[in-house]
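In what follows, a structure is listed as structure tokens, so that the remarks can point back to it.
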Amino acid sequence: MKRLYGVIGYPVSHSLSPVFQQAAFDFTKIEAAYVPFEIRPENLAPSLDAMDLLGVGGFNVTLPHKEAVFRLVQDRDPVALRVGAVNTVVRRSSGWLGANTDVGGFQSAFRHFVDMKIRSPLSHPLVLGAGGSARSVIFALQDAGFFRITIANRTPERAQLLLDSIFSGKKKDGLDVLPLEKLQKVGGFDVIINTLSRGAFGEGFPILEGPGIEGVKGMFDLSYRTDGLPTPFLQAGISAGIPWEDGLGMLLEQGALSFELWTGTTAPRHVMKEALFRRLNRPVEE
């Protein structure tokens, strides 16, 4: 009998996780089915109980449930405890274990981007946004040795609250907060990481005009387009001849890390990438 795995969110029909996770289970000959579960926020707690009764082996967590699931699971791994969010849940004899593979997924994808496309040292990342994804990115950047990081958000108060929650209100040297509208007059960033949704700026990214773009060596977007085209954020960088990367690499790596937590088996990353890129009609060589 196949064991059930899946991804929960609201909405969740757009998720690409079933494409490459099912490919991984099939390739490794693990009897499992990976399916989407669309769960409204108000139904989250009873839904987790129902999934437990159904014997679900584990599941991924996408918006808007990452922080709520963190509070509902019986145990949490060290990364989830640091970040305060869960994107992977694993069945344990003691109950649900909440894990965070977003940090590791970003670290791996970002390191590959720097090594393969930028090929020079970086010292001052600019992170756009102050939500849960930005939180994971900040932890990952600090773990990678970046001590100077600027966070920009439409409401700088939210960005400051994010930093206060990460560092328990203690002053952290090297971390700065700016309102987005001031970035046109501020230079000195060597890589820009976007954690905002694709619609956050409409059709353009006004910060990528003037001093804000000078000296930038790379642009990394956590989002992606299912038609294979660059996001509006990345298109602005392409126009300026700047190396770029979208969020597919991070999506794949966090998914591979989830697969390994569920199964104890090395994830067939090449198979997962082929399945995803084939669905998106993108060449695997990218």
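Residue numbers (full-length UniProt numbering): 1 to 286. Backbone N, C-alpha and C fix where the C-beta goes; we use that ideal spot for every residue, glycine too. Given the structure is predicted, the values throughout are model-derived calculations rather than measurements.
Please report the straight-line C-alpha distance between residue i and residue j, rounded to a whole angstrom.
{"i": "Y224", "j": "I151", "result": "21 Å"}
{"i": "S120", "j": "R111", "result": "11 Å"}
{"i": "G255", "j": "S17", "result": "7 Å"}
{"i": "D52", "j": "N100", "result": "20 Å"}
{"i": "R154", "j": "L180", "result": "5 Å"}
{"i": "T231", "j": "D221", "result": "8 Å"}
{"i": "V103", "j": "M1", "result": "33 Å"}
{"i": "G228", "j": "F20", "result": "16 Å"}
{"i": "S258", "j": "W244", "result": "26 Å"}
{"i": "K182", "j": "E38", "result": "39 Å"}
State the beta-bridge partners of residue i as determined by DSSP.
{"i": "V7", "result": "P36, N60"}
{"i": "W244", "result": "M219"}
{"i": "V177", "result": "I151"}
{"i": "L126", "result": "T150, I192"}
Which of helix, strand or coil does DSSP assign to residue i?
{"i": "R91", "result": "strand"}
{"i": "G237", "result": "helix"}
{"i": "I166", "result": "helix"}
{"i": "L161", "result": "helix"}
{"i": "P268", "result": "coil"}
{"i": "L255", "result": "Here residue 255 is Gly; the residue named in the question, Leu, does not match the sequence. Here G255 sits in helix by DSSP."}
{"i": "G132", "result": "helix"}
{"i": "N100", "result": "coil"}
{"i": "R282", "result": "coil"}
Can you tell me whether residue i is buried or exposed? The criterion is at least 16 other CB atoms within 10 Å of its CB, across all chains shown.
{"i": "S133", "result": "buried"}
{"i": "A240", "result": "exposed"}
{"i": "F167", "result": "exposed"}
{"i": "D49", "result": "exposed"}
{"i": "V61", "result": "buried"}
{"i": "R135", "result": "buried"}
Next on the checklist: With three or more C-beta pairs closer than 8 Å as the rule, is the segment 265-273 touching the segment 17-24?
Outcome noted: yes
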